[in-house]
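This report refers to the structure that appears directly beneath it.
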Amino acid sequence: YAQVNGCCTSRSKLDNSPNFLIIVADDLGWSDISPFGSEINTPNLQMLANNGIRFTDFHTASACSPTRSMLMSGTDNHIAGLGQMRETIVLNPDIWLGKPGYEGYLNDRVAALPEIMQDAGYFTAMSGKWHIGNTHERLPANRGFDESFALLGGAANHYFSKSTNAVLPSAYAHNFEYINYTSLEDFYSSDYFVTQLINALKHLQILLLSIKECTTMVQLSYVKKRLAVQHQLGLLSADAIVSPVYANSEEWEKLTPSERAFSAKTMEIYAAMVERIDFSIGRVIDYLKESNQFENTFILFMSDNGADGIDMENVSILSPTQTNQSFNNSYENLGNKDSFIWYGPRWAQASTAPSRMTKGYITEGGIRCPAIVHYPKLDKTLNISHEFTTVMDILPTVLELANISHPGTVFRNRTVVTPKGKSWVSYLLNSDEHVHHVHMETDFTGWELFGQRAIRRGNYKAIFIPNESNTSKWELYDL
Numbered sequence: 001y002a003q004v005n006g007c008c009t010s011r012s013k014l015d016n017s018p019n020f021l022i023i024v025a026d027d028l029g030w031s032d033i034s035p036f037g038s039e040i041n042t043p044n045l046q047m048l049a050n051n052g053i054r055f056t057d058f059h060t061a062s063a064c065s066p067t068r069s070m071l072m073s074g075t076d077n078h079i080a081g082l083g084q085m086r087e088t089i090v091l092n093p094d095i096w097l098g099k100p101g102y103e104g105y106l107n108d109r110v111a112a113l114p115e116i117m118q119d120a121g122y123f124t125a126m127s128g129k130w131h132i133g134n135t136h137e138r139l140p141a142n143r144g145f146d147e148s149f150a151l152l153g154g155a156a157n158h159y160f161s162k163s164t165n166a167v168l169p170s171a172y173a174h175n176f177e178y179i180n181y182t183s184l185e186d187f188y189s190s191d192y193f194v195t196q197l198i199n200a201l202k203h204l205q206i207l208l209l210s211i212k213e214c215t216t217m218v219q220l221s222y223v224k225k226r227l228a229v230q231h232q233l234g235l236l237s238a239d240a241i242v243s244p245v246y247a248n249s250e251e252w253e254k255l256t257p258s259e260r261a262f263s264a265k266t267m268e269i270y271a272a273m274v275e276r277i278d279f280s281i282g283r284v285i286d287y288l289k290e291s292n293q294f295e296n297t298f299i300l301f302m303s304d305n306g307a308d309g310i311d312m313e314n315v316s317i318l319s320p321t322q323t324n325q326s327f328n329n330s331y332e333n334l335g336n337k338d339s340f341i342w343y344g345p346r347w348a349q350a351s352t353a354p355s356r357m358t359k360g361y362i363t364e365g366g367i368r369c370p371a372i373v374h375y376p377k378l379d380k381t382l383n384i385s386h387e388f389t390t391v392m393d394i395l396p397t398v399l400e401l402a403n404i405s406h407p408g409t410v411f412r413n414r415t416v417v418t419p420k421g422k423s424w425v426s427y428l429l430n431s432d433e434h435v436h437h438v439h440m441e442t443d444f445t446g447w448e449l450f451g452q453r454a455i456r457r458g459n460y461k462a463i464f465i466p467n468e469s470n471t472s473k474w475e476l477y478d479l
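Per full-length UniProt numbering, numbering through the sequence shown is continuous, rising by one, with the last residue being 479.
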């Protein structure tokens, strides 16, 4: 969210209130940007990190839409309506359909952040991936956004092309209207989303930017290099170790030259996409500076989950037949509009290093994500925070900085829950970790998705990952 003072004179009472810009990258690994040790060139994010705060222990859900529901509601995804992803609910209606908390969209039990901000006088906008409601009554325009351009689902092409997703066809909406993608020219996801965002900024006072992207370009031998940089930056403790790689694909040394070339090219494309994200973020920063809003803008950058290590053939919403019929994934064509690829579990685990596993897993590699906060009014003594934080904390943090109270248990004539997350404001204003904590050592935080479960209290985390033989046991870790 961001407020551009003076753009809407009817909202002039908010002229001294801060702007809020929230940037959500999709499937970005913890170490995939330069502020977290990556060799990928992200100068704009590096600038925000150098002059802001990097959160090394920031947590989300293990997949897209559950995290987005937590961001919007400030509470657990099982309460907000995304106890399971809609794609999984559609494929298994006998298990999930009709159960409270498993609606597959942001439900009415929560007061959404844009709704609260809107009622307080802010003008709200978003551009990018939504993924928490496809029907007309669940569009962003009906959940508090005055202006919106939204990719409604997941697994979409970054270019406009044929929809290959029989379960959840690629769909876009501008405000209250669905968009026929063939009517949009010169479309590439992050470029187009940011253009829509900047156009909104010229008229609106609040924005949300949610970029559908992913990244990495490293070879496995580079993991040690990333770790060395992470130690040098103070992101990791001296005794941190790298989790083993879990994958059913061949190791790099066993690949043929042609297989190595193909794998390397997918990573090159991935890295270029991340650099394009950074370039697009720079366009927004430039606009804020040119309009004298940058110094009064709270900027938060985050990923919605760990890097995506699932091969396309294993994704439930896309089949190999659909892929082969609709896309050309030959080596020469990779990266063009009619290609559609993943880079596989080994590169994804390089992205989440040193943590274990990737997106979809309840382990740290699936839920521990990069986060950067930039706001000139915050404590200047802290540049790297090892404080445990979650995506649920963002709503109460934004509300406190904006001096807006949560409505409590009744909002817009409906009963709603109060946030579970904790505000970061006291911590950010006086960040002595020995004095202020966001979450108390006695607080519990839990996760559950795809049958996997985890609970954390202080530095202790217990996880349960079911297996086919039904012999799994709980595992306890001291983080």
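The C-beta atom is built at its ideal place from N, Cα and C for all residues, glycine as well.
Backbone CA spacing between residue i and residue j [nearest angstrom]
i: Ile116; j: Arg109; result: 14 Å
i: Arg356; j: Lys473; result: 17 Å
i: Gly29; j: Asn175; result: 31 Å
i: Ser17; j: Ser291; result: 16 Å
i: Ser31; j: Ser69; result: 24 Å
i: Leu382; j: Ile455; result: 28 Å
i: Pro396; j: Asp119; result: 16 Å
i: Leu71; j: Val274; result: 22 Å
i: Phe123; j: Asp146; result: 6 Å
i: Asn41; j: Ser34; result: 6 Å
i: Lys461; j: Leu476; result: 6 Å
i: Glu387; j: Val373; result: 13 Å
i: Val167; j: Leu91; result: Residue confidence is low: Val167 scores 45 on pLDDT, short of 50, so the model does not pin down where it sits. Its coordinate-derived value is still stated next. Each residue's alpha carbon lies about 8 Å from the other.
i: Leu233; j: Phe36; result: 8 Å
i: Ser10; j: Ile132; result: Its pLDDT being 36, under 50, Ser10 is placed unreliably by the model, and the measurement read from it follows with that caveat. Distance between the alpha carbons of Ser10 and Ile132 is about 30 Å.
i: Glu332; j: Ile394; result: 43 Å
i: Pro100; j: Asp94; result: 14 Å
i: Asn142; j: Glu441; result: 38 Å
i: Thr195; j: Ile285; result: 13 Å
i: Thr164; j: Asp338; result: Because the pLDDT of Thr164 is 49, which lies under 50, any placement of that residue in the model is unreliable, and the question is left without a value.
i: Ile241; j: Leu479; result: 11 Å
i: Ala25; j: Ser258; result: 31 Å
i: Glu253; j: Tyr343; result: 17 Å
i: Pro66; j: Leu106; result: 9 Å
i: Val223; j: Ser38; result: 9 Å
i: Tyr181; j: His231; result: 45 Å
i: Phe55; j: Gly366; result: 16 Å
i: Val245; j: Ala261; result: 21 Å
i: Pro466; j: Glu364; result: 17 Å
i: Glu251; j: Leu45; result: 32 Å
i: Lys414; j: Glu137; result: Note on residue identity: the sequence assigns Arg, not Lys, to residue 414. So the two alpha carbons sit approximately 16 Å from each other.
i: Asn459; j: Tyr361; result: 19 Å
Cβ-Cβ distance between residue i and residue j below 9 Å
i: Thr389; j: Asp57; result: yes
i: Gly144; j: Ala112; result: yes
i: Phe464; j: Gln452; result: yes
i: Gly128; j: Phe187; result: no
i: Arg368; j: Gly309; result: no
i: Leu288; j: Leu201; result: yes
i: Asn430; j: His439; result: no
i: Ile341; j: Ile53; result: no
i: His158; j: Ser190; result: yes
i: Ala350; j: Arg457; result: no
i: Ile277; j: Leu334; result: no
i: Gln293; j: Asn19; result: yes
Option in the options with minimal Cα separation from residue i
i: Thr88; options: Leu449, Gly458, Asn470; result: Leu449
i: Trp130; options: Pro93, Leu255, Leu151, Gln232; result: Leu151
i: Pro419; options: Asp379, Leu399, Leu300; result: Leu399
i: Pro370; options: Ala156, Phe301, Glu268; result: Phe301
i: Gly104; options: Arg457, His78, Ala125; result: His78
i: Gly408; options: Ser73, Phe193, Ile285, Tyr287; result: Ser73
i: Val417; options: Leu45, Gly446, Thr75; result: Thr75
i: Val27; options: Glu364, Ser426, Met392, Thr358; result: At residue 27 the sequence reads Asp, which differs from the Val that was named. Taking only the C-alpha atoms, the option nearest Asp27 is Thr358.
i: Ile198; options: Arg260, Gln46, Lys265, Ser280; result: Ser280
i: Pro114; options: Asn180, Leu139, Lys377; result: Leu139
i: Leu235; options: Phe327, Ala353, Arg260, Leu255; result: Ala353
i: Leu21; options: Gly98, Gly282, Ser249; result: Gly282
i: Gly446; options: Thr415, Val391, Val425; result: Val391
i: Ser237; options: Pro244, Val245, Ala228; result: Ala228
i: Ile23; options: Met126, Tyr361, Gly121, Pro376; result: Met126
i: Val425; options: Ile179, Asp379, Asn248, Leu48; result: Asp379
heavy atom of the ligand ATP below 8 Å from residue i C-beta
i: Ala228; result: This structure lacks the ligand ATP; in fact it carries no ligand of any kind.
contact_flag[the segment 82–96, the segment 397–412] where n(CB pairs < 8 Å) is 3 or more: no
At 4 residues or longer, and completely inside the segment 344–417: list those alpha helix (DSSP H) runs for me, N to C. 345–352, 364–367, 394–401
Assess, as a yes-or-no matter, whether the segment 300–309 is touched by the segment 60–79 under the definition of 3 or more beta carbon pairs within less than 8 Å. yes
Report the residue ranges of all alpha helix (DSSP H) runs contained in full by the segment 165–201; include only those spanning at least 4 residues, in chain order. 189–201
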